[in-house]
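This report refers to the structure that appears directly beneath it.
Chains as they are written, first to last, in my numbering: chain A, 26 to 521; chain B, 2 to 247; chain C, 22 to 122.
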């Protein structure tokens, strides 16, 4: 605990949680400066996470004992590879989505129902919740962060104030609340049996299974795994584009991340092969169903939202691949890498769709002819990110799917390998279906409005990021695997 | 708000199909039975953590163990809980259109207003007492904040009080709670102390400071949530086609 | 032993509330059902707190309940506001559109 390096890590961890909270408070007081404070705050948070990543690479996993009270009495925040990787991708996407939002929301913020101006404090609260969630190492602290994330997301999803958006947000809120209550009941059970809220205590069998079932069901609802996905497409498709990007790229992953921690760290001894295959089967169904719905969608943002339903499925393949006899390390690295790749690509695609919506005044896929010719930058961004969503080389999505496929083949799970390949083909189909309309030649301009250059730039940079992720896969994968949980590790070294 | 009960779930969450209802009933039965079985099989309660709380209570700056857990041992939870409340109030402000609060309120009733003048000082006294007593007995910021919020709501309903710039001073009051909490947390850190690690000598005073700010913030948030619900949204959505932009 | 009785009652309330959130048709009832389920969890936690005395009941679950109540209040208020907003938006879609800015 002594030494200058540890103290510095303390500061970075505290800053990663405290700076978005401070920014949110400042924005409530200085409402006029919200956007400027937002971009500034994003840079500060990103700096804190970068400092933390530096410490992690130099010294391994770091921690902050909040209030100086060691667990179980107090709360510890820990920064290992997964936590810093998630906070890092949140920082990158948050910065670019924020810059995009300054242009996207400006005309709305000027009009009388100026709720859009409150995008900024809500997003900063969401960001604080996300960073705290990634770093949390305590079951009840995770509950509070889940609630921060859930309520802030609902508020953001309703910002458009259309009947469709409000109905979707209400449904999202009810599902999210049910999920957190089930999670909280699980926490109560674990605490009653073990007397601690740390992620280390394993509850004894009957109580442990009850807690496992409740907490997992709650988190599955929040992550929108098939068949509990019904709330996601309307909520993500009806939100303002920057909000859709944040919800689809980051928020859905947050509850999955909690599930990952619980299954691999808290409940690992309780999970047999049969239990581990349950999320695997749902995952396969999600990939197929989500992709088919995306193929049938009429609106571009709906298509992208259903694509999220499908891509969430891939995440859950980690449980059968990592816990049902396979080796942990490749599956764990693959799923975390998948999260990063999908987050970048999905944020880029949603921002590009926002550009389409702004420029065309609608997003009906059948009427988007001429898009490629008149919005070349946005459509290029869409295509590049689409390559990553499909999983073609050299994108981040390709590496992620390759790692998953390798893990599936290594474990001899041919069924899951087939689902991976089939999902890729379906993704190709729904991306190409959109482009078959977008490439149509239209003689004169069909755009209703011009676009600020930074809106196209942000979409493009995120799309290029999803490509760059594939090129820089090795160091990123190494970072993600720092501090891998030991439980259940069958000890296969190195990434494939 | 009459008729709220009639608002059908519509496409929000439609469980009108009898099959789904039956499934839900089965699931609820299974959950209830499973939980009851789990309660029956609970082991002897482990007491290590509460014993630790008791052992470190003298160093926490307060004598009420619940306050010690909330404001010192697990202060991060409480900081984030304040964030939840403030962000809910912020979301409420974002969703309801700006309009004069006064217009939404019934005209002040002279009898009620006279009663309120008698009631308000006592309510403020009770709030102050609850805040102070939290250090050694049940009470604290949330209890005090609720009483304050109730007083504020009474003021809004019986006088023109709420018309005076509620929208101007509510946001800073909302920010006050998390801001003071954060400021104390950062100010005490350094010199080998961690974020939110109060020096033992001044812990009591710092906790009272945080709780005072939190009480004002909680009062503002609860009152804001009530007023936003009361005034309701005036304007509809911006003139976008359904499913159109945004 | 009475602590376990309260815990079972809490579990039952929790299950009833869950059923209500899914099966009740009016939105307001869903929100009320959510609060019943929440009270079930809180009752369960308080019962757990009462199982240990050192000499006071375990303060950690009590603190969890207090935090949980604040969260439940916030969520309930947000849900009610969204219900009001939804009602207003679906009651007069025309006027709202004409209101245009």
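Glycine is no exception: its CB is placed at the ideal position from the N, C-alpha and C atoms.
- Can you name, in chain order, every residue of its own chain whose Cβ lies under 6 Å from the Cβ of residue 106(A), other than the five neighbours on each side? For the purposes of this step, residue 106(A) is taken as the residue at position 81 of the first chain. So the qualifying residues of the chain are 504, 505, 506, 507, 508.
- Message: Is it buried or exposed, residue 170(B), if we count other Cβ atoms within 10 angstroms and call 16 or more buried?
- Response: Reading the second chain from its first residue, position 169 is the one you call residue 170(B). Classification for residue 170(B): exposed.
- Message: Measuring straight from C-alpha to C-alpha, what distance separates residue 180(B) and residue 219(B)?
- Response: The residue labelled residue 180(B) in the question sits at position 179 within the second chain. The residue labelled residue 219(B) in the question sits at position 218 within the second chain. Going by the C-alpha atoms only, they are around 13 Å apart.
- Message: So that I know if they touch, is there some Cβ in chain A lying closer than 9 Å to that of residue 1(B)?
- Response: The first residue shown for chain B is 2 and the last is 247, placing residue 1(B) beyond what the model contains.
- Going straight from the alpha carbon of residue 245(A) to that of residue 197(A), what length do you get? Counted from its first residue, the first chain places residue 245(A) at position 220. Counted from its first residue, the first chain places residue 197(A) at position 172. So the alpha carbons of these two residues sit roughly 13 Å apart.
- Continuous alpha helix (DSSP H) stretch holding residue 506(A): start and end: Counting from one through the first chain, the residue named residue 506(A) turns up at place 481. Here residue 506(A) belongs to no alpha helix (DSSP H), and DSSP marks it neither H nor E.
- Item | Inter-residue spacing [alpha-carbon to alpha-carbon] between residue 60(C) and residue 190(A) | If you number the third chain from 1, residue 60(C) lands on position 39. If you number the first chain from 1, residue 190(A) lands on position 165. Near 29 Å, if we compare the C-alpha coordinates of residue 190(A) and residue 60(C).
- Query: Going by the beta-carbon positions, is the gap between residue 416(A) and residue 125(A) smaller than 9 Å?
  - Reply: Numbered from its first residue, the first chain carries residue 416(A) at position 391. Numbered from its first residue, the first chain carries residue 125(A) at position 100. No, Cβ-Cβ distance for residue 416(A) and residue 125(A) is not below 9 Å.
- Chain-order list of residues whose beta-carbon lies under 7 Å from that of residue 531(A) (same chain, five-residue window excluded): Missing from the structure shown is residue 531(A); chain A here goes from 26 to 521 and no further.
- Item | Partner residues on chain A for residue 75(B), Cβ-Cβ distance less than 7 Å | Counted from its first residue, the second chain places residue 75(B) at position 74. Neighbours of residue 75(B) on chain A, chain order: 99, 100.
- Query: Among 51(A), 477(A), 472(A), 251(A), which one has its Cα closest to the Cα of residue 174(B)?
  - Reply: Here residue 174(B) corresponds to residue number 173 of the second chain, with the count starting at 1. The residue among 51(A), 477(A), 472(A), 251(A) with its C-alpha nearest the C-alpha of residue 174(B) is 51(A).
- Starting from the Cα of residue 338(A), find the closest Cα among 312(A), 374(A), 352(A) and give me that residue. Here residue 338(A) refers to the residue found at position 313 when the first chain is read from its first residue. Checked all of 312(A), 374(A), 352(A); the closest Cα to residue 338(A) is 312(A).
- Take residue 423(A) as the anchor and find which of 93(A), 267(A), 357(A), 445(A) has the nearest alpha-carbon. As a working note, residue 423(A) is residue 398 in the first chain. Residue 423(A) has its Cα closest to that of 445(A), out of 93(A), 267(A), 357(A), 445(A).
- Looking at the C-beta of residue 77(C), does it have a partner C-beta in chain A at a distance below 9 Å? Here residue 77(C) is taken as the residue at index 56 of the third chain, counted from 1. It does not: the Cβ of residue 77(C) has no partner Cβ on chain A nearer than 9 Å.
- Task: Could you confirm whether any beta carbon from chain F is found closer than 9 Å to the beta carbon of residue 230(B)?
- Result: The structure shown contains no chain F; the protein chains it does contain are A, B and C.
- Would you verify that the beta carbon of residue 7(A) is, or is not, closer than 9 Å to some beta carbon of chain C? Because chain A is modelled from 26 through 521, residue 7(A) falls outside the range shown and cannot be assessed.
- Where residue 17(A) falls: helix, strand or coil (DSSP): Within the shown structure, residues of chain A are numbered from 26 to 521, placing residue 17(A) beyond reach of any answer.
- At a cut of 8 Å, does the segment 81-89 of chain B reach the segment 221-233 of chain B through at least three beta carbon pairs? At 8 Å Cβ cutoff, the stretches touch.
- Message: Pairs of beta-carbons, one from the segment 87-102 of chain A and one from the segment 230-250 of chain A, closer than 8 Å: are there three or more?
- Response: By the Cβ test, the segment 87-102 of chain A is not in contact with the segment 230-250 of chain A, since fewer than three Cβ pairs between them sit closer than 8 Å.
- Message: Spatial neighbours of residue 454(A) within its chain, please: C-beta separation below 8 Å, excluding the five flanking residues on both sides.
- Response: Numbered from its first residue, the first chain carries residue 454(A) at position 429. Non-local beta-carbon contacts of residue 454(A) in its own chain, meaning distances under 8 Å to residues more than five positions away in sequence, involve 316, 320 in chain order.
- Item | Bridge partners - residue 223(A), DSSP secondary structure assignment | Start at 1 with the first residue of the first chain, and residue 223(A) comes out as number 198. 163(A).
- Message: In the DSSP assignment, the beta strand (DSSP E) including residue 532(A) goes from what residue to what residue?
- Response: Residue 532(A) is absent from the structure shown; chain A starts at 26 and stops at 521.
- Query: residue 90(A) versus chain B: which residues are under 7 Å apart at the beta carbon?
  - Reply: In the first chain, the residue the question calls residue 90(A) occupies position 65. The contacting residues are 195.
- Cβ neighbour criterion (16 or more within 10 Å) applied to residue 108(C): The residue you call residue 108(C) lines up with position 87 of the third chain. The residue in question, residue 108(C), is buried, as its Cβ has 16 or more Cβ neighbours within 10 Å.
- Residues of chain A with CB under 7 Å from residue 62(C), in chain order? Taking the first residue of the third chain as 1, we reach residue 62(C) at position 41. One finds 206, 209, 210, 213 in chain A with Cβ atoms closer than 7 Å to the Cβ of residue 62(C), taken in chain order.
- Query: Do three or more CB pairs link the segment 194-211 of chain A to the segment 162-182 of chain A at distances below 8 Å?
  - Reply: Taking a cut-off of 8 Å on C-beta distances, the segment 194-211 of chain A touches the segment 162-182 of chain A, as three or more cross pairs fall below it.
- Message: residue 51(B) and residue 79(C) - do their beta-carbons sit closer together than 9 Å?
- Response: Taking the first residue of the third chain as position 1, residue 79(C) is located at position 58. Taking the first residue of the second chain as position 1, residue 51(B) is located at position 50. The criterion of a C-beta distance shorter than 9 Å is satisfied by residue 79(C) and residue 51(B).
- Give the C-beta separation of residue 158(B) and residue 217(B) to the nearest angstrom, bearing in mind that I take them to be a contact with Cβ-Cβ under 8 Å. Walking along the second chain from the start, residue 158(B) turns up at place 157. Walking along the second chain from the start, residue 217(B) turns up at place 216. Contact between residue 158(B) and residue 217(B) fails: their C-beta atoms lie close to 20 Å from each other, not under 8 Å.
- Are the beta-carbon atoms of residue 30(C) and residue 53(C) separated by less than 9 Å? Translated into positions along the third chain, residue 30(C) becomes position 9. Translated into positions along the third chain, residue 53(C) becomes position 32. Taking 9 Å as the Cβ cut-off, residue 30(C) and residue 53(C) do not qualify as a contacting pair.
- Query: Which same chain residues, not among the five before or five after residue 479(A), have their C-beta less than 8 Å away from its C-beta?
  - Reply: Residue 479(A) sits at position 454 when you count from the first residue of the first chain. Here the set comprises 124, 125, 127, 128.
- Task: Enumerate in chain order the residues of its own chain whose CB-to-CB distance from residue 101(C) is below 7 Å, with the five nearest sequence positions on each side excluded.
- Result: Taking the third chain and counting its residues from 1, the one referred to as residue 101(C) is at position 80. So the qualifying residues of the chain are 52.
- Query: residue 62(B) by DSSP, collapsed to three states: which one?
  - Reply: Counting from one through the second chain, the residue named residue 62(B) turns up at place 61. Residue state for residue 62(B) is assigned as coil, using DSSP reduced to three classes.
- Task: Give a yes or no on whether 9 Å exceeds the smallest Cβ distance from residue 338(A) to chain C.
- Result: Mapped onto the first chain, residue 338(A) falls at position 313. Judged by the 9 Å Cβ criterion, residue 338(A) is not in contact with chain C.
- Task: Helix, strand or coil for residue 389(A), going by three-state DSSP, please let me know.
- Result: The residue labelled residue 389(A) in the question sits at position 364 within the first chain. Taken through DSSP and simplified to helix, strand or coil, residue 389(A) comes out as strand.
- From the beta carbon of residue 79(B), is the nearest beta carbon of chain C less than 9 Å away? Position 78 of the second chain, counted from the start, is the residue given in the question as residue 79(B). Taking 9 Å as the threshold, the shortest C-beta distance from residue 79(B) to chain C falls below it.
- Cα separation between residue 7(B) and residue 47(C)? Sequence index remark: in the second chain, residue 7(B) carries index 6 (1-based). Sequence index remark: in the third chain, residue 47(C) carries index 26 (1-based). Model confidence at residue 7(B) stands at a pLDDT of 44, short of 50, so the residue's coordinates are unreliable; what they give is reported in the following sentence. Cα to Cα, the separation comes out at about 6 Å.
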